[in-house]
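Participant:
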Amino acid sequence: MTGPRKTKAQLEAEIAGLQAELGGLRATHPEMSDIQRRMAETLHSLQVHQEELRAQNEDLRITQGILESTGYKYHELFESSPAGYFIICDRFTVVDVNIAGLGMLGRAKGRIAGKPFLLFVDRDSRPVLDHHFRLVRGGDRASSEIWITPEGREPFPVILESVALRRGWGDDWRCLSTALDITARKRAEMALRASEARFRAIFEQSPLAMEIIDAAGRTAMANPAWNGLWEAPDHASLKPRIAEALKGRGVEIAPMAIPSEADPSANRWVRGYVYPIRQGDNGAIHEAVVVHEDITERVRAEATLAERTERLCRQHDNLRVLSEIAALPTSAPAPRMALALDLARRHLGLDQGIVSHVDRGRYVIEHHASDGPCRAGEVFDLASTYCELVVESNDVIAIPHMGRSPHADHPCYRARGLESYIGAPIRCRGDLRGTVSFSAAQPNRRDFDDGDREFMRLLARWIGAVQEEEATLRDLAQSNADLEQFAYVASHDLRQPLRQISSYVALLERRYGASLDQDAHDFIAFARQGAVRMDRLIVDLLEYSRIGRNAAPGERADLNRVMAEALGNIGAALSACGGRVMRPDSLPAIRGNHTDLVRLFQNLLDNAVKYRDSDRPPVIEITARPHDNHLTISVADNGIGIAPDYFDTIFRVFQRLHTPDKYEGTGIGLAICKKVVDQHQGTIRVDSVPGRGSTFHVTLPSGL
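What the sequence shown shows, in my numbering, is residues 5 to 708, in sequence order.
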């Protein structure tokens with residue numbers, strides 16, 4: 005039997021002893037060569053065995069190093085793992101735990117090892133943990149979501165994965181439980197669920213109609229707004245846009261109508277977009293979202309606005325045309341009315357325009373558009389004209405297409421075939437006098453609206469005003485003729501008795517003057533003076549009434565001639581008092597009546613001489629200043645002046661500031677001046693300081 009193996013040191017010691025023993029034997033017993041030989045063989049065998057032992061020891065050392073390195077690696081892997089590792093025994097207590105596990109539980113290893121793992125789990129998660137370990141104990145792997153309760157922190161969720169440890173752990177049951185913190189994942193899941201909930205809420209509650217469709221055009225989901233807007237969505241019309249969206253481009257859908265079968269006026273309008281829905285990291289597109297905005301109210305509002313804008317434009321055109329008509333020059337009635345009818349018919353887009361006079365069933369054409377086929381003075385039976393309808397209704401009649409109207413059987417339509425017509429009654433001095441109407445052989449391009457009717461009413465009112473003006477002018481002409489006759493009678497018949505009175509008073513004085521006392525002579529003088537003053541008063545009133553009646557409109561008046569004639573008329577009075585006049589070398593011409601202007605400046609110059617200061621001869625200065633298409637002529641004197649309180653009243657008829665015995669006059673002179681200036685659309689005013697003289701300023705339009 006071989007004994008137990010010796011170590012290398014023991015063998016080396018034995019070999020060294022044997023070698024020493026052999027050396028001694030050789031020295032003392034040379035005859036022991038055979039023994040020496042056997043001993044050498046034995047020694048050689050020992051040396052070989054020694055080398056084998058040395059190689060085995062080296063293998064053992066290497067294996068031990070590998071085992072130590074492997075154990076270190078597994079220990080490092082266990083301790084350094086980011087997941088929490090727990091070794092659980094058959095009593096479900098913690099045998100060992102790694103660093104991550106210590107961090108999860110927030111405790112030192114001494115407070116964890118030997119403790120039931122249940123103590124570190126939230127109460128709500130303990131039933132889950134019991135079931136989990138029962139599965140592992142039964143030989144299955146287990147994975148559960150539980151909540152860990154660390155010390156000093158809020159519980160957090162982990163995924164606990166456990167597997168039984170079978171070899172190398174002795175006879176007792178062990179399992180490795182790996183805990184992975186899923187807090188971030190839970191937060192992401194919660195955020196995702198919240199995001200999904202928000203998306204769902206937005207999708208479901210959005211006022212925009214939204215539908216998600218797949219590449220085949222099938223509806224994946226649609227919100228209530230979509231279902232309320234569309235009964236059967238027209239995907240056929242959307243297919244080209246959906247195809248573009250599936251290629252990765254958003255596409256705008258132009259406004260389109262959703263027809264209503266029950267009521268066309270209830271059609272709805274939408275405007276939309278189609279967007280691609282990208283999925284995954286590679287942005288793959290398998291669906292698209294169609295968004296429709298209900299723009300019905302906006303479309304209707306825009307239509308209403310467009311209609312109102314068009315109506316306002318037409319009303320603006322109405323007013324513009326009416327303004328042009330009202331601004332027509334007040335020439336003879338026929339050309340003026342023809343121009344007005346031309347403007348109006350072109351504005352309305354019709355061919356004929358007529359102003360008629362209606363009297364006892366007769367329709368008489370008074371005026372017509374310049375190129376119309378009618379003739380002024382033509383007479384028709386009222387019943388054969390559309391104006392019969394206007395007279396019956398006493399309001400505007402507007403028919404854009406007579407053939408489709410209730411009046412298609414009217415005699416005028418049968419006889420003349422006029423398709424479109426609009427007419428209005430004309431009132432003059434409160435009575436219906438006739439009509440103004442426009443017509444065409446073609447139907448009107450649009451329906452007549454309220455603006456057209458109001459245009460006709462205003463035009464008819466303007467024509468009525470023009471006719472009233474013409475009637476007033478005729479009445480005024482007749483009145484002027486009557487006044488002219490009255491003035492002649494007044495100037496002849498009223499002055500004749502005055503002349504008789506003066507003659508008989510003079511005869512009475514000649515025959516009986518010697519026998520009359522002084523009082524009688526004074527009475528005769530008073531009577532003669534009264535008769536003369538009455539005669540002058542009649543002459544001045546006659547002159548006042550005649551101002552402007554015979555004036556030619558717009559005639560040219562040379563102010564040099566006017567001033568020369570006025571100065572000539574007062575030349576004797578001016579020479580008698582030693583007065584002098586300073587005037588410009590040249591005065592401009594204006595539009596006005598020569599005779600009336602002479603009256604104006606003669607009265608001003610005469611007043612300057614009449615109301616002179618007794619202590620100095622009169623000095624009169626005439627100046628002229630043009631400005632803003634007007635001319636201001638000023639007549640200044642150095643007379644007695646006028647108090648400011650009388651600046652306005654002196655221009656009224658019979659207004660005198662002095663008694664007749666002090667200053668002669670009838671009180672009409674300045675009233676005549678005011679009337680002449682008014683006739684010429686001018687102004688007159690006075691500046692004066694009592695005792696220093698007066699300046700009369702006459703401003704007249706130059707008109708040239």
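All C-beta atoms in this analysis are idealised placements derived from N, C-alpha and C, irrespective of residue type, glycine included.
Note that the structure is predicted; figures quoted are calculated from it, not measured.
As a quick exercise: from Thr-182, Tyr-279 and Ala-226, pick the residue whose alpha carbon is nearest that of Pro-211.
Facilitator: Selected option, being the one with the closest Cα: Ala-226.
Participant: Decide if Asn-715 is buried, meaning its Cβ has at least 16 other Cβ atoms within 10 Å, or exposed.
Facilitator: No statement about residue 715 is possible, as the shown extent of the chain runs from 5 to 708 and does not include it.
Participant: Shortest alpha-carbon distance to Cys-378 belongs to which of Asp-486, Val-359 and Leu-50?
Facilitator: Residue Val-359 is the option with its Cα nearest to Cys-378.
Participant: Do you know whose CA, among Gly-381, Ala-518 and Asp-454, lies nearest Val-368's CA?
Facilitator: Of the listed residues, the one whose Cα sits closest to Val-368 is Gly-381.
Participant: Give the secondary structure of Cys-378 by DSSP, where H, G and I count as helix, E and B as strand, and everything else as coil.
Facilitator: In the structure shown, Cys-378 sits in coil (DSSP, three-state: anything other than H, G, I, E or B).
Participant: Distance check for Ala-24 and Leu-47, CA to CA, integer angstroms please.
Facilitator: Whole-angstrom Cα-Cα distance: 12 angstroms.
Participant: Do Ile-216 and Ile-257 come within 9 angstroms of each other at the CB atom, strictly closer than that value?
Facilitator: Not closer than 9 angstroms, so no.
Participant: By a C-beta neighbour count over all protein chains shown, 10 Å radius and 16 as the cutoff for buried, is Arg-179 buried or exposed?
Facilitator: Checking the displayed sequence, the identity of residue 179 turns out to be Cys instead of Arg. It is buried - the Cβ of Cys-179 has at least 16 other Cβ atoms within 10 Å.
Participant: Quick test of your reading: Ile-401 and Val-394, contact by CB under 8 angstroms. State the CB separation rounded to the nearest angstrom.
Facilitator: 5 angstroms between Cβ atoms; contact.
Participant: Once DSSP output is grouped into helix, strand and coil, what is the label at Pro-557?
Facilitator: Any reading at Pro-557 must be qualified, since the residue scores a pLDDT of 48, below 50, and its modelled position is unreliable; no value is offered.
Participant: Should Tyr-516 go down as buried or exposed, given a rule of 16 or more other Cβ atoms within 10 Å for buried?
Facilitator: Burial call: exposed.
Participant: Rounded to the nearest angstrom, what separates Thr-187 and Glu-165 at their Cα positions?
Facilitator: For Thr-187 and Glu-165, the distance between alpha carbons rounds to 16 angstroms.
Participant: Going along the chain, which residues of its own chain have a beta-carbon closer than 6 angstroms to the beta-carbon of Trp-177, five neighbours each way excluded?
Facilitator: Cβ within range, chain order: Asp-94.
Participant: Report the rounded CA-to-CA distance for Asn-398 versus Ile-430, giving the unit in angstroms.
Facilitator: Each residue's alpha carbon lies about 9 angstroms from the other.
Participant: Flag this pair as yes or no: are the beta carbons of Val-543 and Asp-600 separated by less than 9 angstroms?
Facilitator: Cβ atoms of Val-543 and Asp-600: not closer than 9 angstroms.
Participant: Bridge partners of Gly-438, per DSSP?
Facilitator: In DSSP, Gly-438 forms a bridge with His-361 and Ile-430.
Participant: What does DSSP give as the partner residues of Ile-542 in its beta bridges?
Facilitator: Per DSSP, none; premise fails for Ile-542.
Participant: Please state whether DSSP places Cys-416 in a helix, a strand or coil.
Facilitator: In this structure, Cys-416 counts as helix in the three-state DSSP scheme.
Participant: The beta strand (DSSP E) with Glu-291 in it runs from where to where?
Facilitator: 288-298 is the span of the beta strand (DSSP E), which, as asked, contains Glu-291.
Participant: Please state the DSSP three-state secondary structure of Asp-523.
Facilitator: Helix.
Participant: For the alpha helix (DSSP H) containing Ala-577, name the first residue and the last one.
Facilitator: From DSSP, the alpha helix (DSSP H) with Ala-577 extends over 575-580.
Participant: What are the boundary residues of the alpha helix (DSSP H) that Ala-104 is part of?
Facilitator: From DSSP, the alpha helix (DSSP H) with Ala-104 extends over 103-109.
Participant: Buried or exposed: which applies to Ala-570, given that a residue is buried once 16 or more other Cβ atoms fall within 10 Å of its Cβ?
Facilitator: Per the 10 Å Cβ criterion, buried.
Participant: Using alpha carbons as the reference points, say which of Asn-286, Val-294 and Arg-141 lies closest to Val-274.
Facilitator: If we check each option's Cα against that of Val-274, Val-294 comes out closest.
Participant: Bridge partners for Tyr-650 per DSSP, in chain order?
Facilitator: Note: Tyr-650 sits in no beta bridge, so no partner.
Participant: What residue range does the beta strand (DSSP E) around Met-406 cover?
Facilitator: Looking at the DSSP string, Met-406 is not in any beta strand (DSSP E), and its letter there is neither H nor E.
Participant: Does DSSP put Leu-347 in a helix, a strand or coil?
Facilitator: Three-state result, Leu-347: helix.
Participant: Name the residue from Leu-704, Leu-250 and Ser-506 whose alpha carbon lies nearest to the alpha carbon of Tyr-277.
Facilitator: Nearest C-alpha to Tyr-277: Leu-250.
Participant: Would you call Ser-441 buried or exposed, if buried means 16 or more other Cβ atoms sit within 10 Å of its Cβ?
Facilitator: So Ser-441 ends up on the buried side.
Participant: Have a look at Pro-86, Ile-116 and Gly-110 and flag the residue whose alpha-carbon is nearest the alpha-carbon of Val-99.
Facilitator: Comparing Cα positions, the closest option is Ile-116.
Participant: For the alpha helix (DSSP H) that Trp-230 lies in, which residues bound it at each end?
Facilitator: Looking at the DSSP string, the run of the alpha helix (DSSP H) that includes Trp-230 is 228-233.
Participant: Would you kindly check if the distance between the Cβ of Leu-541 and the Cβ of Ile-528 is under 9 angstroms?
Facilitator: Result no, Cβ atoms of Ile-528 and Leu-541 do not sit closer than 9 angstroms.
Participant: Assess contact between the segment 560-574 and the segment 602-611, defined as three or more Cβ pairs (one per stretch) separated by less than 8 angstroms. Is contact present?
Facilitator: Touching, per the Cβ criterion.
Participant: Based on Cα-Cα distance, which residue from His-135, Pro-154 and Asp-128 lies nearest to Leu-106?
Facilitator: Nearest of His-135, Pro-154 and Asp-128 to Leu-106, Cα basis: Pro-154.
Participant: Rounded to the nearest angstrom, how far is the Cβ of His-684 from that of Gly-572, given a contact under 8 angstroms?
Facilitator: With 8 angstroms as the limit, His-684 and Gly-572 do not qualify as a contact, their Cβ atoms being about 22 angstroms apart.
Participant: Taking C-alpha atoms, which residue in Asp-128, Ala-146 and Gly-142 lies nearest to His-136?
Facilitator: Nearest option by C-alpha distance: Ala-146.
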